[in-house]
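Worksheet: the structure to be examined is printed underneath.
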Amino acid sequence: MTDTSFYRSNAIILKSEPLRSTSMRFIFHTEEFGRIIASLKGFFKNKAYITMPVSPGTEVELVFFNTRKNSMMMVKEINLLSVPRVKNFNHLASLQYFIEFMLNVTTDTLREHNAIYKLFISLKDLIVEVDDELSLLFATAYAHEIIALKILGFLSSPDECAVCGIKTPETYFLISDMSFCCRKCSQGKKNILISLEICSFISTLMKDNITPKRLRSLFSKIKLSNNQFHELQILLKHLTHGVFGHDFRSSKILSAKQ
Ligand SMILES: [Zn+2]
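Count along the sequence shown from 1, then add 196; that gives the number in the numbering used here.
Structure below.
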């Protein structure tokens with residue numbers, strides 16, 4: 197990016213916080229450029245902005261330019277596209293989970309930012325369509341995480357062994373390698389046995405072009421038990437540790453709820 201041009205992109209607000217007395221600082225995930233940090237000068241002086249929702253999950257159209265100062269961008273124009281449709285606390289918690297994941301995913305230089313953007317937009321609306329049952333909301337959040345990890349290339353298919361390549365009847369997750377393998381290849385390494393139900397849940401999500409419609413029908417068919425949810429949670433904990441170096445949910449509201 198050169199510092200003379202303006203850039204235009206749709207973006208999701210991941211974080212917004214007041215900066216000094218009149219400005220607002222944002223972290224956006226933009227469709228075109230991935231994650232950017234940008235400030236909007238005079239935010240609190242402008243009547244048009246005061247009434248504008250800037251909570252995380254809000255989708256906006258953005259015009260910004262590069263200041264070359266601390267990699268901070270400057271927002272020239274921001275227009276509201278959509279606000280998250282939050283119905284109740286469970287929805288808010290699920291949305292918060294999405295946002296936390298996005299904040300962590302986008303800390304790295306991201307090549308697939310466009311696909312991640314589309315995934316977020318389609319699943320954000322899905323969370324308000326699913327039943328109020330907490331387990332389904334978490335299934336949606338976990339699905340988002342699994343698909344995003346796949347898009348970013350951090351997750352291999354659980355259907356075949358990543359070491360020897362055979363189709364495996366029994367799948368293990370190798371913690372050090374962050375991949376799925378067969379019983380034989382798991383020997384002597386720290387591993388977790390993955391149940392058939394979780395394997396099929398993950399491999400369905402790994403298939404190409406998973407749409408909100410297909411996800412909805414998947415969730416209506418698959419009823420994960422508490423034990424299976426727990427299993428999925430442990431697996432994702434290891435994955436996020438491996439990818440991000442820490443587990444983003446450990447200090448958050450969601451870990452307290454589960
Ligand atoms: Zn093997």
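Glycine residues also receive a C-beta, built at the ideal position from the N, C-alpha and C atoms.
key: Beta-bridge partners of Arg221, as assigned by DSSP   = Glu213 and Ser235.
query = Should Asn275 go down as buried or exposed, given a rule of 16 or more other Cβ atoms within 10 Å for buried?
reply = Looking at its Cβ environment, which holds fewer than 16 other Cβ atoms inside 10 Å, Asn275 is exposed.
inquiry  = I'd like the list of long-range same chain contacts for Asp355, defined as Cβ closer than 6 Å, with 5 residues on each side in sequence excluded.
reply    = Counting only Cβ-Cβ distances below 6 Å, and skipping sequence neighbours, we find Ser399.
query = Is any heavy atom in ligand 1 found nearer than 6 Å to the beta carbon of Val301?
reply = Flag unset: Cβ of Val301 not near ligand 1.
task = Mark Cys360 as exposed unless 16 or more other C-beta atoms lie within 10 angstroms of its C-beta, in which case mark it buried.
result = Cys360 should be labelled exposed.
Top-ranked residue by Cα proximity to Leu432, from Arg216, Lys346 and Ser416 = If we check each option's Cα against that of Leu432, Lys346 comes out closest.
message = For Ser375, report the span of its beta strand (DSSP E) as first-last.
response = The continuous beta strand (DSSP E) containing Ser375 extends over residues Ser375 to Cys377.
inquiry  = Within the continuous alpha helix (DSSP H) that includes Leu420, where are the two ends?
reply    = Looking at the DSSP string, Leu420 is not in any alpha helix (DSSP H), and its letter there is neither H nor E.
ask   = Smallest Cα separation from Lys272: which of Ser217, Leu332, Lys403 and Tyr203?
value = Looking at the Cα atoms, Tyr203 is the closest of the given residues.
ask   = Ends of the alpha helix (DSSP H) at Ser246?
value = Residue 246 is actually Ile in this sequence, not Ser. Its alpha helix (DSSP H) spans residues Lys243 to Ile246.
key: Whole-Å CB distance - Gly238 paired with Thr218, under 8 Å assumed   = Right, their Cβ atoms sit about 5 Å apart.
key: DSSP three-state assignment for Val439, whether helix, strand or coil   = In this structure, DSSP gives Val439 a helical state, which the three-state scheme calls helix.
key: Completely contained alpha helix (DSSP H) runs for the segment 324-363, where each covers 4 or more residues   = Listed in chain order, the complete alpha helix (DSSP H) runs (minimum 4 residues) inside the segment 324-363 are 330-347.
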